[in-house]
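The structure under discussion appears below in the form of structure tokens.
In the working numbering, the protein residues as written are 26 to 168.
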């Protein structure tokens, strides 16, 4: 583990980091955590949990990965992703990816997607679900 003022880097098996207001768990082999001021990257082969400021992000399964930079984030997991980001709550089953970039929200998953984003509540079931929510509205594709 390396720690230099606000910079933190850790690699190994089953990492737990309590760093200021941030609490990070990366389970399994080959876990890694990189934290540089507001930028955070966490990955592992058996799940990731991140409590970063007001955001809580959980990515389950192999190849779980979370990147967080300011208000933008990306979370991937092959066994589901759960995100509590400001007023947004997102839960995706199966092979899942959630990306939030400048008020543009993209969600992909297999199984069920539950999305509470501002005034919008979406609950969709099926394979190959894609939801794109931007300033122009919501686009939902299934299969």
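Each residue gets a CB set at the ideal place from its N, CA and C atoms; glycine is no exception.
Name the residue from the options whose alpha carbon lies nearest to the alpha carbon of residue i.
i, options, result
"residue 139", "128, 151 and 126", "151"
"residue 158", "168, 118 and 129", "129"
"residue 118", "112, 134, 125 and 108", "134"
Under the three-state reduction of DSSP, which class applies to residue i: helix, strand or coil?
i, result
"residue 129", "strand"
"residue 124", "strand"
"residue 54", "coil"
"residue 88", "coil"
"residue 157", "strand"
"residue 71", "coil"
"residue 152", "strand"
Could you give the residue range of the beta strand (DSSP E) that holds residue i?
i, result
"residue 47", "47-51"
"residue 166", "162-167"
"residue 118", "Residue 118 -> no beta strand (DSSP E), and no H or E assigned at all."
"residue 37", "32-37"
Tell me residue i's beta-bridge partners as DSSP assigns them.
i, result
"residue 94", "64 and 97"
"residue 141", "114 and 146"
"residue 109", "81 and 114"
"residue 76", "48 and 81"
"residue 104", "Answer by DSSP bridge pairing: none, since residue 104 is not bridged."
Would you say the beta carbon of residue i comes nearer than 7 angstroms to a heavy atom of the ligand SAH?
i, result
"residue 93", "As presented, the structure is devoid of all ligands, the ligand SAH included, so that no description of it is given."
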